[in-house]
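Student:
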Amino acid sequence: MAVFSRLPTAIMIRTRFAPSPTGFLHIGGARTALFSWAYARHHSGAFILRVEDTDLARSTPDAVRAILDGMLWLGLTYDEGPFYQTQRMDRYRAVIQEMLAAGTAYHCYMAPEELDRLREEQRSQGVKPRYNGLWRPEPGKILPTPPAAVLPVVRFKNPRDGMVAWDDLVKGRIEIANGELDDLVIARADGTPTYNFCVVVDDRDMGITHVIRGDDHVNNTPRQINILRALGAPVPLYAHLSMILGDDGQKLSKRHGAVSVMQYDDEGYLPEAVLNYLARLGWSHGDDEIFSMQQFCEWFDLDHITPSAAQFNTEKLNWLNAHYLKRTDIARLTALVRPRLEARGLSVAGTPSLEAIIGLYRDRAANLNELADAAGIFYAHPEVPTRLLEKHLTPEALPLLADFIAGLAEVAWEAPAIGALIKESVARHGMKMPKLAMPIRVLLTGQEQTPSVDALVALFPREEVLERLGKADDPRPSGIDPS
Ligand code: GLU
17 MAVFSRLPTA IMIRTRFAPS PTGFLHIGGA RTALFSWAYA RHHSGAFILR
67 VEDTDLARST PDAVRAILDG MLWLGLTYDE GPFYQTQRMD RYRAVIQEML
117 AAGTAYHCYM APEELDRLRE EQRSQGVKPR YNGLWRPEPG KILPTPPAAV
167 LPVVRFKNPR DGMVAWDDLV KGRIEIANGE LDDLVIARAD GTPTYNFCVV
217 VDDRDMGITH VIRGDDHVNN TPRQINILRA LGAPVPLYAH LSMILGDDGQ
267 KLSKRHGAVS VMQYDDEGYL PEAVLNYLAR LGWSHGDDEI FSMQQFCEWF
317 DLDHITPSAA QFNTEKLNWL NAHYLKRTDI ARLTALVRPR LEARGLSVAG
367 TPSLEAIIGL YRDRAANLNE LADAAGIFYA HPEVPTRLLE KHLTPEALPL
417 LADFIAGLAE VAWEAPAIGA LIKESVARHG MKMPKLAMPI RVLLTGQEQT
467 PSVDALVALF PREEVLERLG KADDPRPSGI DPS
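The opening position of the sequence shown corresponds to residue 17 in our numbering, with each subsequent residue numbered one higher.
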């Protein structure tokens, strides 16, 4: 049986991610990028990166870098770009000239003070402040003489009547009366094009078929559609994604901890965990929670995006991260953990090998920093908290430990033999396993929770174990009577 795609095959899907470089790549932006990317991948289309840097006061090179770094870290590869709007100014100016020539835009000489006055008056009369159309050309209308002292702005001649409507692929049909829309300024008095206009020219020039973006842009959409129509350009389909709320149901903000994608890297998350997590933020495929990006691209469509706000759940992200850590091969984890240790000033050369430590701890760690914490203990003897010494180096435990230490000199240096030695020592003293295992754990690592104690001991070099356990000779702070 023949299978037909929902979309005519002749249409090449083209999506874009169009961040403004005014800060880091935040979680909301990353999800928008992910959905745009996946939609293009699903349809074997093209995904474009466009940096919307026309707001010179707020755009910074650092923020551009942060966006590119974030995309790279997540593996959201783009087929075209990055394009920078600041490099396309000539193009925007040319389109403004075309529109002036075609009569779809006009010069407006209303001085800013005059406009302010007008708005003030409207407010005092209880009407919505808006431009009064003074300089808008109409058939048969005589326009005032342009004042010499005023540099004009260019306004778009928005249709006066009818509705502008679109079937939003997430939110459903949205309709706005044209009468609600002002004649938008598309070029300022100094000739620089304005935000909504640049977006329109770019979406047209870049042949964007699907605009997938945050729903903070819903209000811009009717204006953009009208300008596209005035240019005779095809109107793309729009999918406006609902916002992401923090764990507490409030708008996601810095207050919630990591909101920059790269901060997740700092905090020891794997990009595949973050991607998998983001994929499920407002989109679902049945009950599937864990899937690869390849699988996601195969499944992803715009029909299963929820129109309601998605709530961030850090616990779930942690759970996914632990899942991916367990499945990541040791060589890659080692490469990811090594710089974290080096950043703490620890030399990773020597024994035990970082690979071996990670092999032992991988299943217990929730993130890369926990792995680094665990590994750090092997390369620098940690301070053992007095509380733990007091708790575990009891008068009963000390002879047991001494017995075990004596056996260590001779034992074959591998976990089963060390395990057998522990069992023998415990049995000889008629004690239970934890009586010996806990002091060993605490003296070696400064912690009560470790992997199995025989494997832990075997991982250290013999001399290091003797050295650390040797501290048991007089481990108690002065003033405490061991008897
Ligand atoms: N530059 C806008 C932003 O960062 C996105 C514009 C768009 O996607 O149309 O919010």
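Where a beta carbon is used, it is the ideal one built from N, C-alpha and C, also for glycine.
If you measure between the beta carbons of C124 and P168, is that distance less than 8 Å?
Tutor: Residue 124 sits at position 108 when you count from the first residue of the sequence shown. Residue 168 sits at position 152 when you count from the first residue of the sequence shown. Yes, the Cβ-Cβ distance between C124 and P168 is below 8 Å.
Student: Around the C-beta of S52, are 16 or more other C-beta atoms found within 10 angstroms, so that it is buried, or is it exposed?
Tutor: For the purposes of this step, residue 52 is identified with residue 36 of the sequence shown, where counting begins at 1. The residue in question, S52, is buried, as its Cβ has 16 or more Cβ neighbours within 10 Å.
Student: Measuring CB atoms only, is the stretch 254-272 touching the stretch 57-74, in the sense that at least three cross pairs come out at less than 8 Å?
Tutor: no
Student: What number of angstroms, rounded off, separates the C-alpha of L452 from the C-alpha of E331?
Tutor: The sequence position of residue 452 within the sequence shown is 436, counting from 1. The sequence position of residue 331 within the sequence shown is 315, counting from 1. Taking the straight line joining both Cα atoms gives about 35 Å.
Student: Could you check which residue in R478, R109, M259, D69 has the C-alpha nearest to that of F420?
Tutor: By one-based count along the sequence shown, residue 420 stands at place 404. If you compare the alpha carbons of R478, R109, M259, D69 with that of F420, the shortest gap goes to R478.
Student: What residues are listed by DSSP as bridge partners for L257?
Tutor: Along the sequence shown, one-based indexing puts residue 257 at 241. Beta-bridge pairing links L257 to G230.
Student: Could you check what DSSP says for A62 in three-state terms: helix, strand or coil?
Tutor: Residue mapping note: residue 62 aligns to position 46 of the sequence shown, counting from 1. Here A62 sits in strand by DSSP.
Student: Determine the closest residue to T402 out of A73, V458, W335, with distance taken between C-alpha atoms.
Tutor: Mapped onto the sequence shown, residue 402 falls at position 386. Checked all of A73, V458, W335; the closest Cα to T402 is V458.
Student: Answer yes or no: the CB of P35 versus the heavy atoms of the ligand GLU, is any distance below 7 Å?
Tutor: The residue given as residue 35 occupies position 19 in the sequence shown. Yes, Cβ of P35 sits closer than 7 Å to a heavy atom of the ligand GLU.
Student: With a threshold of 6 Å on Cβ separation, who are the neighbours of A181 within its own chain once the five nearest residues in sequence on each side are excluded?
Tutor: To locate residue 181, count along the sequence shown from 1; it is residue 165. The residues are E191.
Student: Going along the chain, which residues of its own chain have a beta-carbon closer than 6 Å to the beta-carbon of S145, five neighbours each way excluded?
Tutor: Here residue 145 is taken as the residue at index 129 of the sequence shown, counted from 1. The identity of residue 145 in the sequence shown is Pro, whereas the question assumes Ser. R135, Q138, R139, listed in sequence order.
Student: Check S276 in the structure and name its three-state DSSP category.
Tutor: Mapped onto the sequence shown, residue 276 falls at position 260. DSSP places S276 in strand when its eight states are reduced to three.
Student: So what does DSSP say about R484, is it helix, strand or coil?
Tutor: Working through the sequence shown from its first residue, we reach residue 484 at position 468. Reduced to three states, the DSSP call for R484 is helix.
Student: Are the beta-carbon atoms of I321 and L297 separated by less than 8 Å?
Tutor: For this step, residue 321 is matched to residue 305 along the sequence shown. For this step, residue 297 is matched to residue 281 along the sequence shown. Cβ atoms of I321 and L297: not closer than 8 Å.
Student: Suppose you measure from the CA of P163 to the CA of D218; what does that come to, to the nearest Å?
Tutor: Position 147 of the sequence shown holds residue 163. Position 202 of the sequence shown holds residue 218. Cα-Cα distance, rounded: 33 Å.
Student: Under a Cβ-count criterion, where at least 16 other Cβ atoms within 10 Å of its own Cβ denotes burial, should P411 be classed as buried or exposed?
Tutor: For the purposes of this step, residue 411 is identified with residue 395 of the sequence shown, where counting begins at 1. By the neighbour-count criterion, in which a residue is buried when 16 or more other Cβ atoms sit within 10 angstroms of its Cβ, P411 is exposed.
Student: Under 7 Å: does the beta carbon of G230 sit that close to some heavy atom of the ligand GLU?
Tutor: Counted from its first residue, the sequence shown places residue 230 at position 214. Checking every heavy atom of the ligand GLU against the Cβ of G230, one is found closer than 7 Å.
Student: Regarding V186 and the ligand GLU, is the C-beta to nearest heavy atom distance less than 7 Å?
Tutor: Counted from its first residue, the sequence shown places residue 186 at position 170. Answer for V186: no, Cβ out of range of the ligand GLU.
Student: Below 8 Å on the Cβ atoms is my contact criterion, and I expect G195 with R176 to pass it. Report the Cβ-Cβ distance as a whole number of Å.
Tutor: The sequence position of residue 195 within the sequence shown is 179, counting from 1. The sequence position of residue 176 within the sequence shown is 160, counting from 1. Going by Cβ atoms, the distance from G195 to R176 rounds to 7 Å, so yes, they are a contact pair.
Student: With distance defined between alpha-carbon atoms, name the residue in F33, R47, T31, S36 nearest to V277.
Tutor: Position 261 of the sequence shown holds residue 277. Closest option to V277, Cα to Cα, is R47.
Student: In terms of residues, what are the limits of the beta strand (DSSP E) holding M179?
Tutor: One-based indexing of the sequence shown puts residue 179 at position 163. Where M179 is concerned, the enclosing beta strand (DSSP E) stretches over 179-184.
Student: For the alpha helix (DSSP H) containing Y100, list its first residue and its last residue.
Tutor: The residue labelled residue 100 in the question sits at position 84 within the sequence shown. It is not in any alpha helix (DSSP H) - Y100 instead sits in the beta strand (DSSP E) that spans 96-100.
Student: At which residue ranges does the stretch 327-357 contain complete beta strand (DSSP E) runs of 3 or more residues, listed in the order of the chain?
Tutor: none
Student: In this structure, does DSSP put I29 in helix, strand or coil?
Tutor: Here residue 29 corresponds to residue number 13 of the sequence shown, with the count starting at 1. Coil at I29, not helix or strand.
Student: Could you tell me if E399 is buried or exposed, where buried requires 16 or more neighbouring beta carbons within 10 angstroms of its beta carbon?
Tutor: Your numbering for residue 399 matches position 383 in the sequence shown. Counting Cβ neighbours within 10 Å, E399 comes out exposed, since fewer than 16 surround it.
Student: What beta strand (DSSP E) runs, 3 residues minimum, are completely inside the stretch 143-209?
Tutor: 169-172, 179-184, 188-193, 201-203
Student: In angstroms, rounded to a whole number, what distance separates the CA positions of R171 and L200?
Tutor: Counting from 1 along the sequence shown, the entry for residue 171 is found at position 155. Counting from 1 along the sequence shown, the entry for residue 200 is found at position 184. Looking at the two C-alpha atoms, the distance is approximately 5 Å.
Student: Let me know the alpha helix (DSSP H) ranges lying completely inside the stretch 357-412, each 4 residues or longer, listed in chain order.
Tutor: 370-377, 384-395, 402-408
Student: Looking at the ligand GLU, does it come within less than 7 Å of E305, judged from the CB to the closest heavy atom?
Tutor: To locate residue 305, count along the sequence shown from 1; it is residue 289. The answer is no for E305.
Student: In chain order, what residues of the same chain have a beta carbon less than 6 Å from the beta carbon of R32, not counting five sequence neighbours either side?
Tutor: Residue mapping note: residue 32 aligns to position 16 of the sequence shown, counting from 1. Hits under 6 Å: I64, R66, I224.
Student: Taking all protein chains shown into account, do 16 or more other C-beta atoms lie within 10 angstroms of the C-beta of A388, making it buried, or fewer, making it exposed?
Tutor: Taking the sequence shown and counting its residues from 1, the one referred to as residue 388 is at position 372. The residue is buried, with at least 16 neighbouring Cβ atoms inside 10 Å.
Student: What's the C-alpha gap between A289 and E406?
Tutor: The count along the sequence shown starts at 1 and reaches residue 289 at position 273. The count along the sequence shown starts at 1 and reaches residue 406 at position 390. The straight-line gap from Cα to Cα measures roughly 40 Å.
Student: Given this structure, state the Cα-to-Cα distance separating W429 from A474, to the nearest angstrom.
Tutor: Position 413 of the sequence shown holds residue 429. Position 458 of the sequence shown holds residue 474. The alpha-carbon atoms of W429 and A474 are separated by roughly 6 Å.
Student: Might you give, ordered along the chain, the residues of its own chain that have their beta carbon closer than 6 Å to the beta carbon of R74, omitting 5 neighbours on each side?
Tutor: Residue numbering aside, residue 74 sits at position 58 when the sequence shown is read from its first letter. For R74, where only same-chain residues beyond five positions count, the Cβ hits under 6 Å are T38.
Student: When burial is assigned at 16 or more other CB atoms within 10 Å of the CB, is M28 buried or exposed?
Tutor: On the sequence shown, position 12 is the one that residue 28 refers to. That one is exposed.
Student: Might you give, ordered along the chain, the residues of its own chain that have their beta carbon closer than 7 Å to the beta carbon of H397, omitting 5 neighbours on each side?
Tutor: Along the sequence shown, read from residue 1 onward, the residue named residue 397 stands at position 381. Excluding residues within five positions, the ones whose Cβ falls inside 7 Å are R484.
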